[in-house]
Every structure is written in C-alpha cells, then in structure tokens.
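Residue numbers (our numbering), protein chains in the order written: chain S, 1 to 340; chain D, 1 to 340; chain A, 1 to 340.
This report concerns only the one structure given below.
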C-alpha cells in the first residue's frame, strides 16, 4: 500500500513539513530507513540519526524539527502518531469468523457469529463470546466465563470459570486467568486449601502478557480495571485490585489482597507484598521490593545496581556489619563531643 | 443450600454462641456480609468489623468472642474451620467421568473409569490414571507417567514421561512438570546438553500453581514430598528435593540439587542457589537470596524495602563505598585510641 | 545394552585405566553406583566418593585418577565425555514421523515427511517444518513460521507468525516465542499499543526452557544467536539480541532493546534494564540487577545474601541512613584533621 505524506497527515491530523507528495509505503527505524519509509523520533538519544536517515518522512516533535533534513510530520506526541500511522499503513490479515471444526464448543455457549473460535479451542457451558472476538488455537474458556466485544486471546490462554473479560482486551499466549488463589489454613503440620469462591473481573482495553497469571479471589473478586497493561510472566495474587491505566513490566509479582491505584507505572521484577495499598500515580522503578503501603504519588526505588564481583563481595560483607558500623560511629561522635 | 448454625457446628465439632437456629446460606467477608452469611475472623486487623458486621454468624477464636455482637462458632483454628464450613456449604459442580471424544488416548494407557480425561487432552503409552482423577482440557500426559487417585490437573498441564504424581494433588493451568533439566557441559565456546535421565516424583496432596516449572532430574529424580504447596510461576531446578508440608510463594526460583527441609515457609520471589541444604522449619521472607545452606530453624530475610527514589539513589551510591567507609571508620577509631 | 569399557573408550577417544573388559550397562551417580554402572566425577567436592563407589568405571580427569580405586576413563573434559557416553549408552525411543490425525495442518504448510506433528498441534498457512523435526502435542506454529532441521518442540509451545527457528533447537513445554512486544504510547492517561512489526529469529542449537517468553520486535527483530541456552521462566523483551553461546539461568528478565554479547554466563533471577549493551564474555552472578552497560569482560554481581531476620532488619534500617552515616563520618574526619 502506498499513500502520500499528505494523505497520512490528513488521517493523523498533523501538519506536513517538506514534500506533501512524498510516497510512503512502509515504516522503518531512522538508521535503517530508505526511500518510501516513514520513520519517527521519540527518544532524543537517536536525534543524531536525523542527519543521515534515508526515510522519506519522519514523525517528530516541533523541538526536533530543526535537526531534520527530510520531510516531516510534526506531532505533539510522536509515539502516538506513529502508532496510528502504522495502523493506517499496515493491515493485519483479517481473522475468518466461525468455529473451527476441531474446536469443542458447548451447545450452551453463546458465540457471536462475527467471532472466531480457533482450532483445538475448548469452550464450556454458558460461556459468552461477544462480537468480533478472536479466540486463538488451544484456548480454553471454562464454564460461565465471558469475553467482551473485540477481545483477542492469542493462543493457549486459560480463562477460568466465571471469569469476565471486558472489551477490546488482548491476552498473549499461555496466560492463566482465574487459577485458584494461593490460600491455605494450617492443620497441624499440614496445610488445607481454602476454597477460592471469587473470580477475576477484567475491564476494557486490558492487555495481558505471555504466561502471566492472575488468580481468582478467595471470597471477593480479583479486579483488573480498564486500560491496565501487564507484561509477560507477571503474578497477580488473589483479591488484588489494579487501577485503571496502570502499566506493569515483566516478572513482577503482586501478593494477595494488595490494591494498586490508577495510572501507576511499575517496573520489571518488582515484588509487592500482600495486603498493601498503593495510591494513584505512583512510579516504582524496576526490581524494587514494596513492603509498605504508599500513600503519596511519586517515584520509589529499591533495586541495587550490580558492581564488579570483588568490590560487591566486600561491600555486602560490610552490609552485614552496617548496624554495628553505625553504632561505632555514634560512639566516636559522643566521645569527641565530650572531649571538646 | 440452607442449614442452621447448629447443624454447621455439629459438622465442624464447634460450640455455638448465640442463636443455634440462625439460618446459614452462604459465606461472605465480615465487612460485606448480610443476613444468612457465615463469616470468619482470622486476622486481628479486621476485629473492628465484628461490631458492625451483618453476618448471621462468625467463626472466631475464643479471644475474639468478647468483641462479637452476632452469633458465633468458637474455634481453636478459625481458618481451618472456615475451610471446612465452605466445603460443607458450597458444592462444586461434579465432574463427569469418561474420556472426551476429542482427547487422544493411547490404547496402552490405563484410565480408571471414574476419572475424566478432558477435551483435547493427550495421554500417551503406558500412562496410568487412577480413580477419581480429573485431567482438564488440553493436558498432556507423556509416556509412562502416573496420576494418583483423586488428583486434578486444571488445564494445559504438561506431565513429562515417567513423572509420578501422588494422590489428591491439584495442578493449575500451564504448569510444566518434567521438562529437561538445565545441565550443559562445555565444549570449547559451545555448550552440550547433558542428557537428563531422572524424572520427577510428586507426593500426595501436593498443590502446584499456574505456569510453575519443575524440571526432571539429571541422574536421580527431582522430588516433591507430601503436602508441599507451590504457588504460581515458581522454578524448581533438576534434582531439587522439597520436604513435606513446605509452602512456597510465587515467582520463587530454586536452583538445581538444592534440598529443602519439611515444614518450611518460603516467601515470594526468593532465589535459592543450587547445591544447598536448608533444614526443616525454616522461614525465609519474601525476596531473599539464599546463597548458603541453612542449618538452624528460624527466620531468614534478604529483601531490601524500597524507598523514595532520590534517597534510594544516594544510599545505593554510598553502598558502593561501604567497604571504604568501614575502613575510614576503623582508621578514625585507631587514631583516637592512640591519642587518648 | 551392554558394552565393554574398551568399546566405550574407543567411541569417546579416551584411554582406559584398569579393566578394559569391564561390562557397562547403565550410568549412575558415584555414591549410588553398583556393578555395571558408569559414573563420572566433575566436581572435586565428590572426590571422596571415589574410594567407596561401586561403579564399574568412572570418567574423570587425570588429576583425580590417583584417588580412584576402580576402572577409569581419563578425559580432559569429564562432563563432556559423560554427555557423549550417555548418548551412546541410552537410546531415546524413536519418534514416529508423520502428522497425527488430530493435528490441524494447513494445506499450504510444508512439512518434511521425516518430521512429526504431534496430537492436537496446529500448523498454519505457509509454515515450513524441515526434516527430522518433532513438533510435540498441543504446539502451535502460526502462519509463516519456520522450524529448521532436527528441531524439537516438546509440548504446548507457541511459535508466533513469521518466527524463524534454526536447526537442532530444543524448546520446552509452554514456551511462548513471538508474542507481541510490550510497547505503548501515552494517550492522555491511557496507553495505546505500538504495533509490533518485527519477529523473532532463533539460531541453531538454541535451547529454550519451559514457559520462557521471547517477544517479537517492534520494528526490527528479536534475535537469539546460535548455541544460546535459556532456562525456564525467562523473559526476553522485544528487540533484544543475545549473542552466540550465551547461557542464562531461570527467572531472569531482559528488558527491551538490550544487546548481550556472546559467551556470556548469566545467573538466575537477574534483571537487566532495557537499551543496554553487555559485551562478550561477561559473567553476571545470580540475582544481580544490571542497570548500566557493561563494556569489559569480567564477573559482575548484585545479589545480596540473606541473613537472620533480626540482624537483617537492623541492617536494612541503617541502609536507609547510609548517606547520612557517610556524611557524619566525613564531618568527624574533617574535625579531627583540623584538630591535629
């Protein structure tokens, strides 16, 4: 598909600098782009490539325009404009609606005719799949679960019984939504499973990464609000609530009953203890351990950067003496104060 | 289903305080319960809800009884009594025994007629599935594996060849039991896989969470003893042994050949180095890195709580100088000692 | 299968010490071996077992020979010789080529007749499976993906559209290769997905563990070079490149666009920030957080060993004062310098 830069600008409501008739056929990174390519600049670090790029046009901010030697589309939000340009330029192969003959679908499930149920999928009793959904190969929708309009399960996704997924969600391969929460009561030395009677409720436009796990609630539901984005291999414990538009990077774990506010940004491999409350607009950098509730918006950190092994070993050995070191310092301070 | 509090008390072997004829129809959390609800108190933090709860009855300890204004069941272990009350009140839909027509089952597999093999499951040669098992949709039991009486695989579980699962186990979606262990021999710059000849042996009443991985042993077996509870996204390396009734929270990783004792409690995102021994009754709090064997029961920690980003940055910068700081302190102490 | 030690020595190009006619029937660990067993010694820690082992022969280095009281094969690399001995002694059951009748295979897919497509697998349009491949039960190869000669997908592996897997690779159960990368543009409070137009390219002899995730690139490809070994539950973000023969242990996460060199060794639960460069021959010990590029080969650490809980608590409390402690020390030093 080829369009002119002007057509693209019109679609994106942006203004063109340079040749409105430049033909755009595809997208490419600044440093690898050739004629016909649309590129974009969102990271100042790559501004130097503006001087040498072969792209026919670049989406960039007004600030970066003076450095640009090719045609450009000026955007207040180049990343977002780029998203939309790609959607306009690159068309995904359409999904054929219908139920694949190898799928096993209960006669009491309600599948909208515009939706697809892929090969080897299993759809149990009383499941509802609304219009325009795409349930990929090998997915399993357990009894009573619901999939809102336009939602897409890539492949091998597990949706537990009575789980509700909103509209326009996208769930990657292997995600497990609605497994039993991890709750046990002691019985002498042994542990007895506490029945998990809640479910999982997922809002609209939620994205869930590959092999991420969200457990069903114990008595109430685990809740993922609208617009939440979860990366791969994340663990969400039972009764957790994640507020709207919060984004969480991979390998992070959130223990049971913790409530996270809206518009938070949580880095990778963060561990959040159970039964906490984290308010809205909190940023937690990668690898932090959050052991206490956070009541004020702001940036919080807990990851310790690595070092050369020999120095690291010496410093960690001292860490084991840190309280003693502090006491010795205090003793010294007192003795000097007395002296003076 | 509705029963009287007295009937419930009799079933649970507990004594009633208040109205023995109160009708119980369901369970609910203290702060959301209304008439007909049974609730429970296991966490002192929620004791304040006893004053206002609408529950018809509450399971609690004798200590909490004075604060309770509704009917109550007194239990030495309210959490366990609650478990059992729920099992009595809430009946799960029964599983239909039989092999789903879409499942692929070897003619040499022995499936007990009281067990279910779900849709799209694959059961290979010489597999044994004992009575009362439930093999959910999309599970795969490789050749020679065994599933003990009453065990349940939720969905898409992988059970490798010759793996043995005991009785009354429950394994959540996507768990991978019996993948090849991660063992390689150097061959110049390259690595050559060391064949993994062992398998995985899992005891009775073991629970394994979603997408958790347990690798098969290199020469001997990886062993998970009776009553072990593993949360989601846990990694168990080859030749690991986990002792009876040990419970491990999500995202934890245990490297190869480590032996963990019985009745341990290991928090989330803990990393345990390989070839260690951890004795019985050890508690390891969340996010610890265990780099040495632990020979004495007790509580061990290693997670560093997060802080405001600016302060965290200053402190981690100082951490890189910690050994030097300790040396400077020592110099000061010496010089002052000399002076005095 | 029984062979003489001499036959084995000839196959492995090693020299025999002791009885060349000893009959070898199986392999076993040193401390559990009985007559007929071949054992091996690669870890000095177990040298003491040489005195008492019942093995008929042991593969070991020349250094360890003086301690050995049984027959031996002398190897400059006992682990590698052991690998090859096992391959010689233990034959895996052969895989029957052909497409299982329950598999769903597109008529436009090219499956070599020597390859197997297992039960319940799904193979989409234009997929290419070269000779000698084994696609296990429940795997899903999306449109346009390719599997090189001799590669093996254990079970339930997801291979995204247009992903290229090289020769002689082995991918464990539940791995998700080619899910959408985690990239979003802000749109007010909400996030909009950035289309991920790249794919994943995997070299030859790569091994990928259970439930490990490798995301497809945003514009360019995510690349895993020849001979890379990835353990279970690893997260590889979009546009990452991992150099040849690098080996990475379980639960590690690598954020987007980071480039890792060749011949690196990365421990378990390591977190690597995005957009970094790590040069060749870097060793990163378990649990490190890598927050900056590494330009020099060497060993780097970042994991803090756990401690008794009470002492740990005191030391972490002091850590929050570390910058202040360092300042107080500096003040003391200055005041003493002035005095003297």
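C-beta: ideal position from N, C-alpha, C; glycine also.
- If you draw a 10 Å sphere on the C-beta of residue 34 of chain S, you find fewer than 16 other C-beta atoms in it, and that means exposed.
- Ranked by Cα distance from residue 153 of chain A, the first of A:197, A:188, A:205, A:189 is A:205.
- Taking a beta-carbon distance threshold of 8 Å, residue 195 of chain S counts as an interface residue toward chain D.
- Here the alpha carbon of residue 193 of chain D sits roughly 6 Å from the alpha carbon of residue 185 of chain D.
- Rounded to the nearest whole angstrom, the C-alpha separation of residue 46 of chain A and residue 126 of chain D is 37 Å.
- For residue 189 of chain D against residue 245 of chain A, the beta-carbon gap comes to about 5 Å, under 8 Å, which counts as contact.
- Beta-bridge partners assigned by DSSP to residue 305 of chain S: A:289.
- DSSP places residue 72 of chain D inside the beta strand (DSSP E), whose first and last residues are 71–74.
- Looking at the backbone, the Cα of residue 319 of chain D and that of residue 322 of chain A are separated by about 7 Å.
- In this structure, the beta-carbon distance from residue 22 of chain A to residue 4 of chain A falls below 8 Å.
- Taking a beta-carbon distance threshold of 8 Å, residue 149 of chain S does not count as an interface residue toward chain D.
- Taking a C-beta distance under 8 Å as the contact criterion, residue 198 of chain D and residue 222 of chain D qualify as a contact pair.
- At least one C-beta of chain D is nearer than 8 Å to the C-beta of residue 292 of chain S.
- In chain order, 164, 221, 223 place their CB closer than 6 Å to the CB of residue 201 of chain D, counting only its own chain and leaving out the 5 sequence neighbours on each side.
- Between residue 286 of chain S and residue 271 of chain S, the C-beta spacing is not below 8 Å.
- DSSP places residue 323 of chain A in the uninterrupted alpha helix (DSSP H) bounded by 322–339.
- Residue state for residue 201 of chain A is assigned as strand, using DSSP reduced to three classes.
- Of all alpha-carbon atoms in A:283, A:339, A:294, A:231, the one lying nearest the alpha-carbon of residue 259 of chain A is that of A:294.
- A residue is called buried once 16 or more other Cβ atoms fall within 10 Å of its Cβ, and residue 151 of chain D is buried on that count.
- By the rule that beta-carbons nearer than 8 Å mark a contact, residue 145 of chain A does not touch chain D.
- When rounded, the separation of the alpha-carbon atoms in residue 120 of chain A and residue 312 of chain D is 51 Å.
- Separation of residue 339 of chain A and residue 329 of chain D (C-alpha to C-alpha, rounded to the nearest whole angstrom) is 17 Å.
- A distance below 7 Å between beta-carbons, with the five flanking residues on each side excluded, links residue 55 of chain A to the following residues of its chain, in chain order: 28, 30, 33, 37, 38, 39, 70.
- The beta carbons of residue 100 of chain D and residue 117 of chain D sit closer together than 8 Å.
- In this structure, the beta-carbon distance from residue 167 of chain A to residue 196 of chain A does not fall below 8 Å.
- The CB of residue 164 of chain D never comes closer than 9 Å to any CB in chain A; the least such distance is about 17 Å.
- Taking 8 Å as the CB threshold, residue 48 of chain D stays off the interface with chain S.
- Each of S:142, S:315, S:183 was checked against the Cα of residue 177 of chain S, and the nearest Cα belongs to S:142.
- Taking 8 Å as the threshold, the shortest C-beta distance from residue 332 of chain S to chain D falls below it.
- Secondary structure of residue 215 of chain S (DSSP, three-state): strand.
- Secondary structure at residue 314 of chain A: helix, using DSSP grouped into helix, strand and coil.
- One thing to note: residue 129 of chain D has its Cβ within 8 Å of the Cβ of residue 135 of chain D.
- Flagged as an interface residue toward chain S: residue 137 of chain D, by a C-beta distance shorter than 8 Å.
- The alpha-carbon of residue 80 of chain D is positioned some 12 Å away from that of residue 14 of chain D.
- One Cα belongs to residue 85 of chain D, the other to residue 219 of chain S, and the distance between them is close to 13 Å.
- Around the beta-carbon of residue 331 of chain S, fewer than 16 other beta-carbon atoms lie within 10 Å, marking it exposed.
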